[in-house]
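Trainee: Quick one: this structure, given as structure tokens, is what I'll be asking you about.
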Amino acid sequence: TRSASLRALLAVAATKGMPIHQLDVSTAFLNGELEEELWMQQPPGYESADPTQACRLKKSIYGLKQAPRCWYVKLVAALDKLGFKPSQADPALFIKKDENGIVYLLVHVDDIITTSDDEELIRKVKDAVGKVFKIRDLGEAKVFLGMEISRGENGEVKLSQRRYIEELLQRHQLVDAKPRSTPLPPGSKVLPAEEGDMELKDSSDYRTLVGELNYLATSTRPDIAQAL
1 TRSASLRALL AVAATKGMPI HQLDVSTAFL NGELEEELWM QQPPGYESAD
51 PTQACRLKKS IYGLKQAPRC WYVKLVAALD KLGFKPSQAD PALFIKKDEN
101 GIVYLLVHVD DIITTSDDEE LIRKVKDAVG KVFKIRDLGE AKVFLGMEIS
151 RGENGEVKLS QRRYIEELLQ RHQLVDAKPR STPLPPGSKV LPAEEGDMEL
201 KDSSDYRTLV GELNYLATST RPDIAQAL
């Protein structure tokens with residue numbers, strides 16, 4: 001998964017004391033090249049006098065189902081020219097290795113994490129990518145895939161999802177719930193439910209909460225996996 005790739009990449013960076021930087025590509029999906037002929041209705045505010053006319057798209061735009069793939073194809077082609085190759089384990093992880101050192105790029109839509117054994121290589125990569133796409137240099141990585149990234153004094157890398165947890169508690173009205181260190185109190189007896197005892201008229205909230213907690217468990221809180 002992408003979060004597993006992020007953890008692996010950060011582990012390498014922490015072990016080798018490598019700097020971790022972040023950038024994002026502005027309006028990424030608008031860079032994609034269309035592989036087919038597409039037409040759209042005249043957008044509001046830009047109508048011509050003839051209502052029967054339509055607009056032919058020259059490039060990808062937001063809202064197209066193929067927009068993410070068009071962007072990925074464009075990005076892969078650009079990174080390939082810079083010497084990057086996608087990892088066999090994760091096509092969103094790109095690696096460039098030569099006599100100057102090694103550089104890693106992990107991409108999630110328009111967000112990019114990069115790390116290298118030479119900070120000068122990171123600067124050069126940013127400059128090179130910036131010549132192809134409009135980017136924002138965010139400096140040291142702070143947040144990626146909803147996970148907050150911090151660096152300790154000794155070079156260790158810490159991942160947390162405090163904001164995600166707080167929003168989850170508010171969304172499900174659990175802010176005032178009392179914390180428990182175990183799924184059930186010690187000595188609890190589990191009995192089979194009587195018919196109708198556990199019936200849920202609408203299980204969507206329950207499924208949503210379990211999914212959100214599962215994402216948390218597989219990202220930064222493996223300690224809650226057993227309870228789930």
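Quick note on numbering: my numbering labels position 26 of the sequence shown as 26, and the sequence is numbered without any gaps.
Glycine included, every Cβ here is placed at the ideal spot set by N, Cα and C.
1. Counting C-beta neighbours from all protein chains within 10 Å, is the total for I122 16 or more, i.e. buried, or is it exposed?
2. Which same chain residues end up closer than 7 Å to D117 when comparing Cβ atoms and leaving out the 5 residues on each side of it in sequence?
3. Would you kindly report the start and end of the unbroken beta strand (DSSP E) that includes I112?
4. Is it the case that the CB of E36 approaches a heavy atom of the ligand COA more closely than 7 Å?
5. Give me whichever residues DSSP pairs with L34 in a beta bridge.
6. Measuring alpha carbon to alpha carbon, tell me which residue in M40, G63 and A67 is nearest C55.
7. Going by Cα to Cα distance, which pick from T27, R151, A227 and L216 is closest to P185?
8. Taking only the alpha-carbon atoms, compute the straight-line gap between V190 and L169 and give it to the nearest angstrom.
9. Mind checking whether L216 and I149 have CB atoms under 8 Å apart?
10. Alpha carbon to alpha carbon, how far is T182 from L159?
11. Please identify the residue among Y62, L57, K58 and P91 whose C-alpha is closest to the C-alpha of V73.
12. What residue range does the alpha helix (DSSP H) around R163 cover?
13. Starting from K81, follow the beta strand (DSSP E) in both directions and report where the run begins and ends.
14. Short check: CB of L9 to CB of I113, under 8 Å?
15. Which stretch, first to last residue, makes up the alpha helix (DSSP H) that contains G152?
16. With a CB to CB cut of under 7 Å and the five nearest residues on each side skipped, what residues in its chain are close to L138?
Mentor: Taking the structure as given:
1. buried
2. K16, M18, G101 and I102
3. First-last of the beta strand (DSSP E) with I112: D111 to S116.
4. Here there are no bound small molecules, and the ligand COA is not part of this structure.
5. L34 is not bridged by DSSP to any residue.
6. M40
7. A227
8. Using only the alpha carbons, I get a separation of about 26 Å.
9. no
10. 23 Å
11. P91
12. DSSP places R163 inside the alpha helix (DSSP H), whose first and last residues are R162 to R171.
13. Where K81 is concerned, there is no enclosing beta strand (DSSP E), although the alpha helix (DSSP H) it sits in stretches over A67 to K81.
14. yes
15. It is not in any alpha helix (DSSP H) - G152 carries neither H nor E in the DSSP assignment.
16. Q22, L23 and D24
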